[in-house]
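Residue numbers for the sequence shown follow this note's numbering, beginning at 1 and rising by one. The C-beta atom is built at its ideal place from N, Cα and C for all residues, glycine as well. Everything numeric in this text was worked out from a predicted model, so none of it was measured. Here's the structure we're looking at; comments come further down.
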Amino acid sequence: MKPAKRIIKLPLFPIEYFLFVGEDIKDAHKKLTEEFLGIEERKDFGNAVAETEVIKNKEGKVFFIVKIQEDSSIEVVVHEALHLTHLILKSLKMEVNAKNDELECYIQADIIKNILKTISITKYNCFLNC
1 MKPAKRIIKL
11 PLFPIEYFLF
21 VGEDIKDAHK
31 KLTEEFLGIE
41 ERKDFGNAVA
51 ETEVIKNKEG
61 KVFFIVKIQE
71 DSSIEVVVHE
81 ALHLTHLILK
91 SLKMEVNAKN
101 DELECYIQAD
111 IIKNILKTIS
121 ITKYNCFLNC
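Listed below in structure tokens is the structure:
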């Protein structure tokens, strides 16, 4: 599979995140380095199959990035979605706790849905047709 890239707009907020999918994490990172010049190539990702990060360009614009292996498990998808959710809420200066976690749940669910639509659709077909 050729690495996929999607730019996804978060509903209700002026925020977009980039999703890079590859045969493995190195493949996804390679696509990131092609999109954002100046991001360094990396050789070692350890045992990682996914990674979430925030980068800034020279003008100071913030980009939310998820890199994920195309055959990642649902556990990995949920894990990275929660990281991204917290990074987004932090950028909005919103504190998350047990009394106001409803927004966190909606954002995380939307991120999970979009990651699942991008990675192996047949693997998670039951989630997408419900």
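Using 8 Å for Cβ pairs, my map puts residue i next to residue j. What's the rounded Cβ distance?
{"i": "I68", "j": "I115", "result": "7 Å"}
{"i": "I119", "j": "S72", "result": "6 Å"}
{"i": "L84", "j": "E104", "result": "11 Å between Cβ atoms; not a contact."}
For residue i, does the three-state DSSP call read helix, strand or coil?
{"i": "A48", "result": "coil"}
{"i": "K58", "result": "coil"}
{"i": "E70", "result": "coil"}
{"i": "E80", "result": "helix"}
{"i": "L12", "result": "coil"}
{"i": "I119", "result": "coil"}
{"i": "I39", "result": "coil"}
{"i": "C130", "result": "With a pLDDT of 46 at C130, under the threshold of 50, the modelled position of that residue is not reliable, and no figure is offered here."}
So the alpha helix (DSSP H) residue i belongs to, where does it begin and stop?
{"i": "I7", "result": "Per DSSP, I7 belongs to no alpha helix (DSSP H); it is in the beta strand (DSSP E), 4 to 9."}
{"i": "K93", "result": "From DSSP, K93 is part of no alpha helix (DSSP H); its letter is neither H nor E."}
Any idea if residue i is buried or exposed, counting beta-carbon neighbours within 10 angstroms, 16 or more meaning buried?
{"i": "F64", "result": "buried"}
{"i": "I74", "result": "exposed"}
{"i": "L12", "result": "exposed"}
{"i": "E80", "result": "buried"}
{"i": "G22", "result": "buried"}
{"i": "L87", "result": "buried"}
{"i": "L32", "result": "buried"}
{"i": "F20", "result": "buried"}
{"i": "V62", "result": "exposed"}
{"i": "A50", "result": "buried"}
{"i": "A98", "result": "exposed"}
{"i": "A109", "result": "exposed"}
I'd like to confirm something about residue i: is its beta-carbon nearer than 7 Å to some heavy atom of the ligand PLP, or not?
{"i": "V96", "result": "Only the bare structure without any ligand can be found here, which leaves the ligand PLP out of the picture."}
Terminal residues of the continuous beta strand (DSSP E) containing residue i?
{"i": "L19", "result": "16 to 22"}
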